Amino acid sequence: MADPQALDEVVEFTSGLIRIDTTNRGGGDCRERPAAEYAAERLAGAGLEPRLLERTPGRTNVVARIAGTDPSADALLVHGHLDVVPAEAADWSVHPFSGEVRDGVVWGRGAVDMKNMDAMILAVVRSWARQGVRPRRDLVIAFTADEEASSEDGSGFLADAHPELFEGCTEGISESGAFTFHDGAGRQIYPIAAGERGTGWLKLTARGRAGHGSKVNKENAVTRLAAAVTRIGEHQWPLRLTPTVRAALTELAALYGIEPDFRDVDRLLEKLGPAAKLVEATVRNSANPTMLDAGYKLNVIPGEAVAHVDGRYLPGGEEEFTATLDRLTGPDVAWEFAHHEVALEAPVDAPLFDLMRDAVREFAPEGHVVPYCMSGGTDAKQFSRLGITGYGFAPLKLPEGLDYQALFHGVDERVPVEALHFGVRVLDRFLRTA
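Pasting the structure below:
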């Protein structure tokens, strides 16, 4: 089991990493190197030989390998990203880059997404070094840049330029799983991610005839774009159940004593109450308009108008997604992928999933572990290019009233100290047996 020093260090490291501002505003506006050096120094203190790798100066990744006791076993990738999304200090109760520990809670941007998991990994590895522990299989530890944008300087770069560092890795774990979900009726659910929707970030461009704002213009680019955006925003995507989502619904239905009627999934979701939040975003593809850009003067009809859409598609749903966008945009609006990544599916009947389930149950026997599919994506997409099957497993035991999913990219992001302690214990137990 992780030693007492690990419990102190996970808090120290979470706070320390938060204090290093690694805001990723997109377009290359980020510098992860100070956080990478922080992590590498602590890995080196555990007797490892971390490598710092960059595609772009300042956009630094860290990779280290721990040799397992069974050289015939496949390796396991354990990864976390170092960058965070922007935070406006004026909106926060505590400065987002203070890393303040107040009343048993660590505050700041990255407290749950995902410097907490980075700190857990560091704390477990250092605890093992003090105790002389080695895992059964090789572990590859990776801390990445650029996950909050394109991942081109992070996991994408590592997968494409340094595949040799991940030799033997067949499975991996990272963010967004094994957290406490309170259903409001006394049940504690721990969802473990075994899939991700694909990423289809879109740029829509409408072209028309520029002219005076007072004249009749039936080739108005703004009108054409607005019509396409409205069609996309109002589209009702058909139901599509992947194996992971079907397994999630089956296990949740059993938990609530409900017959899982897949002929009417919307009705089934209603019966699940608050627990439906774990599934409802992943029973369909989606496309949400998010940005509009047109014109330069009120009385001038522009010749071009641009919109951006956050599109996500289920495993096996990309062809339907692209065909639907072709139809919804129509003949007057062109679209292209601004960012495009695959959807993922991982088996829920795999031995590794059982080990994750067992590790959570050991420290949260009152909890109910279920599989689920993430509505968004992680670095697992890029590492899948290397044949690595990814799961979301960053364990946290959270009190009722602290909405984990709302804290992602939200104001007043924070994590309880006890949640970090739980995470270290569960991660330590899992990685020893994996």
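Numbered per my numbering, the sequence shown spans residues 1237 to 1670.
Each residue gets a CB set at the ideal place from its N, CA and C atoms; glycine is no exception.
Quick caveat: nothing in here was measured; it's all calculated off a predicted structure.
Asked                                                                                                                                                                : Found
Spatial neighbours of L1528 within its chain, please: CB distance less than 6 Å, with the 5 preceding and 5 following residues excluded, ordered by chain position.  : A1543
With a threshold of 16 other CB atoms inside 10 Å of the CB of E1593, please say whether the residue is buried or exposed.                                           : One detail in the question is off: residue 1593 reads as Arg in this sequence, not Glu. R1593 should be labelled buried.
Using the beta-carbon count (16 or more within 10 Å), is L1534 buried or exposed?                                                                                    : exposed
Under DSSP, the beta strand (DSSP E) around R1443 begins and ends at which residues?                                                                                 : 1434-1443
Just the C-alpha distance for E1572 and R1291, rounded to the nearest angstrom, thanks.                                                                              : 26 Å
Using a threshold of 8 Å, state whether the C-beta atoms of P1693 and G1659 are closer than that.                                                                    : Outside the displayed range of the chain (1237 to 1670) lies residue 1693, so it cannot be described from this structure.
With DSSP as the reference, please indicate the residues paired to A1541 in a beta bridge.                                                                           : A1442, A1530
Using alpha carbons as the reference points, say which of T1259, R1372, M1350, A1325 lies closest to S1308.                                                          : R1372
Relative to the C-alpha of D1351, which candidate in R1661, V1651, S1391 has its C-alpha closest?                                                                    : According to the sequence as given, residue 1351 is Lys; it is not Asp. With distances taken between Cα atoms, K1351 lies closest to V1651.
Between the C-alpha atoms of D1374 and R1621, what's the straight-line distance to the nearest angstrom?                                                             : 20 Å
Taking DSSP as the reference, what is the three-state secondary structure of S1674?                                                                                  : This structure cannot settle anything about residue 1674, because the visible part of the chain is limited to 1237 through 1670.
Measuring only the C-alpha atoms, how far is L1667 from T1466?                                                                                                       : 48 Å
With a threshold of 6 Å on Cβ separation, who are the neighbours of G1553 within its own chain once the five nearest residues in sequence on each side are excluded? : R1476, N1521
Could you spell out the range, first to last residue, of the alpha helix (DSSP H) harbouring A1570?                                                                  : Where A1570 is concerned, there is no enclosing alpha helix (DSSP H), although the beta strand (DSSP E) it sits in stretches over 1569-1577.
Could you give the DSSP three-state label for Y1627: helix, strand or coil?                                                                                          : strand
What number of angstroms, rounded off, separates the C-alpha of E1336 from the C-alpha of E1324?                                                                     : 16 Å
To the nearest angstrom, how far is it from the Cα of A1347 to the Cα of K1451?                                                                                      : 54 Å
Where in the segment 1298-1344 do unbroken runs of the beta strand (DSSP E), each at least 3 residues long, occur, reported from the N-terminal end onward?          : 1311-1317, 1341-1343
Near E1581, what residues of its chain come up, given a Cβ to Cβ distance below 7 Å and the 5 sequence neighbours on each side ignored?                              : G1431, T1478, P1479, T1480, P1551
Would you list the one or two residues that DSSP bridges to C1405?                                                                                                   : A1311
Please report how far the alpha carbon of D1546 lies from the alpha carbon of H1645, in whole angstroms.                                                             : 16 Å
Starting from M1610, follow its DSSP beta bridges and name the residues at the other end.                                                                            : E1432
Give me the Cβ distance between T1441 and E1540, rounded to the nearest whole Å; I'm assuming they're in contact under 8 Å.                                          : 7 Å
Taking all protein chains shown into account, decide if G1628 is buried (16 or more other Cβ within 10 angstroms of its Cβ) or exposed.                              : buried
Since I believe F1333 is in contact with D1382 (beta carbons under 8 Å), could you give me their beta-carbon distance rounded to a whole number of angstroms?        : Not quite, the Cβ-Cβ distance comes to about 19 Å (not below 8 Å), so this is no contact.
Using DSSP with H/G/I as helix, E/B as strand and the rest coil, what is D1396?                                                                                      : helix
What are the partner residues of N1352, as DSSP defines its beta bridges?                                                                                            : N1352 pairs with nothing; no bridge assigned.
Measure the C-alpha to C-alpha separation of L1243 and A1271 and round it to an integer number of angstroms.                                                         : 20 Å
In angstroms, rounded to a whole number, what distance separates the CA positions of V1376 and V1314?                                                                : 6 Å
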